[in-house]
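See structure below.
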Amino acid sequence: MAGDAREPVGPGGLAVFHRSGRAARGAPVTLNGKVALVTGCSAPKGIGRACAAALAAEGAFVIVSDRPGEGRMEAVEALAGEIGGAALALDVTDAEQIAQAVAAAGAHGGVDILVNNAGTVQGAGPFLSGTAQDWEVSFRVNLLGPMLLAQAVIPGMIEKSAGRIINMGSIGGLGGRASFGAYSAMKHGVTGLTKTIAAEFGPMGIRCNAVCPGYIATDMHEASNIRLAEAEGVPLDAMKRRRYEAVALRAAGRPEDIAAAVLYLAGPQGDYVSGINLPVAGGIQLGL
Ligand SMILES: NC(=O)c1ccc[n+]([C@@H]2O[C@H](COP(=O)([O-])OP(=O)(O)OC[C@H]3O[C@@H](n4cnc5c(N)ncnc54)[C@H](O)[C@@H]3O)[C@@H](O)[C@H]2O)c1
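According to our numbering, the residues represented by the sequence shown are 273 to 560, in order.
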């Protein structure tokens, strides 16, 4: 059931929808009263969308966001309608938009759960063809954005002596992978960021973990299959078979598999878990 927006979407402006889904139907939920902010939610088959839906189904009020442009705001607004949350324009590389987003979340009680999901594969590719510009974009989206968002929400979490920060890492951030250039380097940074926050703010009741997806069937994954197939001059099917041979379960995962891990780390079952980088990757062989 989709609700009606009360105010327009814009940087810092929340479009709020009526709550729907499991929480509204009175089923037991674990995240009732919690406010979650999820970045990078516009892709119809994306991990962000699956995480937002899973958190909302457990009773959280979810603020879904993405950077403005190319129909993304319409998509997050529709998602907010579906899950009974709120929609927000938020480019994670823009410090001002981050401040506005956290202020807007403050009207709902502040961010209890931050899911730093937005990411880009720009800058992935053979190391020798990586440009400084691509590396900079990768740094700003994959690492600096999550860091700035964490900085913005942590003071409110300290006040509550509670909070969950869940970063989207990657198996590319746990082992070296050829031809992943900046992406792998930045995701290794996410691994370190996660541990740093967990160590520094654990004493204040804040848990910080990363989920490290393997091959998950989203547009981003398909784009990387196509890129690698073209680079090596092999058919797409052959490239996929070859990649999945390194996965014990011999298949790509679903966004919902990642959302299930996020839910675990966001909810009471993850109470005593902090500082981990959790691979959800079907038993993939990590690189170096
Ligand atoms: N799909 C996989 O196989 C896989 C594997 C490992 C890690 N991941 C990670 O999971 C996360 C989600 O990936 P996905 O597969 O759903 O990809 P996706 O491309 O479908 O989603 C990425 C989202 O991030 C958003 N985004 C990009 N730049 C942004 C910015 N500056 N500000 C705000 N949002 C921005 C995009 O608009 C998009 O909605 C990413 O962090 C990605 O690195 C995915």
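C-beta: ideal position from N, C-alpha, C; glycine also.
Tell me, which residues are paired with residue i by DSSP?
| i | result |
| --- | --- |
| valine 301 | BP columns for valine 301 are empty, so no partner. |
| arginine 436 | Ile385 and Arg479 |
| leucine 550 | Val483 |
| glycine 525 | Ile488 |
| valine 310 | Val336 and Val387 |
| isoleucine 556 | Val519 |
Might you give, ordered along the chain, the residues of its own chain that have their beta carbon closer than 7 Å to the beta carbon of residue i, omitting 5 neighbours on each side?
| i | result |
| --- | --- |
| valine 409 | Thr392, Gln394 and Gly395 |
| glycine 448 | Ser456, Gly559 and Leu560 |
| glycine 282 | Summary for glycine 282: the model assigns pLDDT 46, below 50, so the residue's position carries little reliability; its value from the coordinates is reported in the next sentence. Only Ala361 meet the Cβ criterion. |
| glycine 554 | Gly486, Val519, Ala520, Leu521, Ala523 and Gly525 |
| alanine 510 | none |
| arginine 344 | Ser314 and Asp338 |
| valine 383 | Val307, Leu309, Val374, Ala377, Val425 and Gly428 |
| histidine 493 | Tyr487 and Ala524 |
| serine 442 | Lys459, Cys484 and Pro485 |
| methionine 476 | Ile430 and Ser433 |
| glutamine 541 | none |
| glutamine 557 | Ala518 |
| glycine 539 | Thr302, Leu303 and Glu330 |
| glycine 474 | Ser546 |
| glycine 381 | Val307 |
If contacts are defined as beta-carbon pairs under 8 Å, then residue i and residue j qualify, I think. What distance do you get, rounded to the angstrom?
| i | j | result |
| --- | --- | --- |
| glycine 575 | proline 551 | Since the first residue shown for the chain is 273 and the last is 560, residue 575 is missing from the structure and cannot be characterised. |
| serine 314 | alanine 367 | About 21 Å separates the two Cβ atoms, so there is no contact after all. |
| glycine 318 | aspartate 491 | 7 Å |
| alanine 470 | serine 546 | 4 Å |
| alanine 390 | valine 425 | Incorrect: roughly 15 Å between the Cβ atoms, too far for contact. |
| glycine 331 | leucine 303 | 5 Å |
| leucine 386 | alanine 329 | About 18 Å separates the two Cβ atoms, so there is no contact after all. |
| isoleucine 438 | valine 334 | Rounded, the Cβ-Cβ distance is 13 Å, inconsistent with contact. |
| serine 451 | leucine 415 | At roughly 20 Å, the Cβ-Cβ gap does not stay under 8 Å, so serine 451 and leucine 415 are not in contact. |
| methionine 398 | aspartate 363 | Here residue 398 is proline; the residue named in the question, methionine, does not match the sequence. Incorrect: roughly 28 Å between the Cβ atoms, too far for contact. |
| alanine 359 | valine 336 | 6 Å |
Grab me the residues of residue i's own chain with a C-beta within less than 6 Å of its C-beta, minus the 5 sequence neighbours each way, in chain order.
| i | result |
| --- | --- |
| methionine 429 | Gly435 and Ile478 |
| glycine 453 | Gly395, Ala396, Gly397, Phe399 and Gly402 |
| tryptophan 407 | Gly395 and Ala454 |
| proline 316 | none |
| aspartate 543 | none |
Report all residues from its chain with a CB closer than 8 Å to the CB of residue i; omit the five preceding and five following residues, and keep chain order.
| i | result |
| --- | --- |
| tyrosine 516 | Tyr487, Arg522, Ala523 and Ala524 |
| glycine 445 | Ser456, Met458, Lys459, His460, Gly461, Val462, Thr463, Ala482, Cys484 and Asn549 |
| glutamate 504 | Met511 |
| leucine 537 | Arg436, Ile438, Arg479, Asn481, Val483, Val545 and Leu550 |
| asparagine 497 | Leu508, Met511, Lys512 and Arg515 |
> Taking one C-beta from the stretch 465 to 472 and one from the stretch 528 to 539 each time, how about it: are there three or more such pairs within less than 8 Å?
Replying inline: In short, these stretches do not touch, since the Cβ pair count stays below three.
> Counting pairs of Cβ atoms below 8 Å between the stretch 476 to 490 and the stretch 364 to 382, do you hit three or more?
Replying inline: Too few Cβ pairs lie closer than 8 Å, so no.
> Does the stretch 351 to 364 come close enough to the stretch 320 to 340 that 3 or more CB-CB pairs lie under 8 Å?
Replying inline: The stretch 320 to 340, when compared against the stretch 351 to 364, does touch it at the 8 Å Cβ threshold.
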